[in-house]
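In what follows, a single structure is set out as structure tokens and then discussed.
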Amino acid sequence: MKPMGIQQKLNQYRFHFILAIFVSSIIAFLSYVAPSMLTILAYFWPLFASTTVLLVAIMAFGGVSQLATEAHGEKAGEGLLDYVAAARLEHIDQEPQKFE
Numbered sequence: 002m003k004p005m006g007i008q009q010k011l012n013q014y015r016f017h018f019i020l021a022i023f024v025s026s027i028i029a030f031l032s033y034v035a036p037s038m039l040t041i042l043a044y045f046w047p048l049f050a051s052t053t054v055l056l057v058a059i060m061a062f063g064g065v066s067q068l069a070t071e072a073h074g075e076k077a078g079e080g081l082l083d084y085v086a087a088a089r090l091e092h093i094d095q096e097p098q099k100f101e
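Written out as structure tokens, the structure reads:
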């Protein structure tokens, strides 16, 4: 196998070099033009704050309602399941209606 010269190897990978330079220049341009992270945080801080408050409230009230359910000696949703099961049994015991 004949050794290739440097110029031939560079020509072999010229599209890779062009693509790398192009992508690097686009990334550099976008990082120069894009706003800084502090600017983005300053703009969206009310949204972040309200979302945080909402999630904390959901976790707080979720914990309180779990404690209230356990205090009554009933697991969450058990009463509803019993009601649905009883309604299903009543429906099965009835004779089917004939529509003529």
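Oh and the sequence shown: position 88 is 89 in the numbering used here, straight run, nothing missing.
All residues carry an ideal CB built from backbone N, CA and C; glycine is no exception.
Because the structure is a prediction, the values reported are computed rather than measured.
Look at A21 here: in three-state DSSP terms it is helix. Rounded to the nearest whole angstrom, the CA to CA distance from W46 to F30 is 27 angstroms. If you draw a straight line from the Cα of G80 to the Cα of L48, it is about 38 angstroms long.
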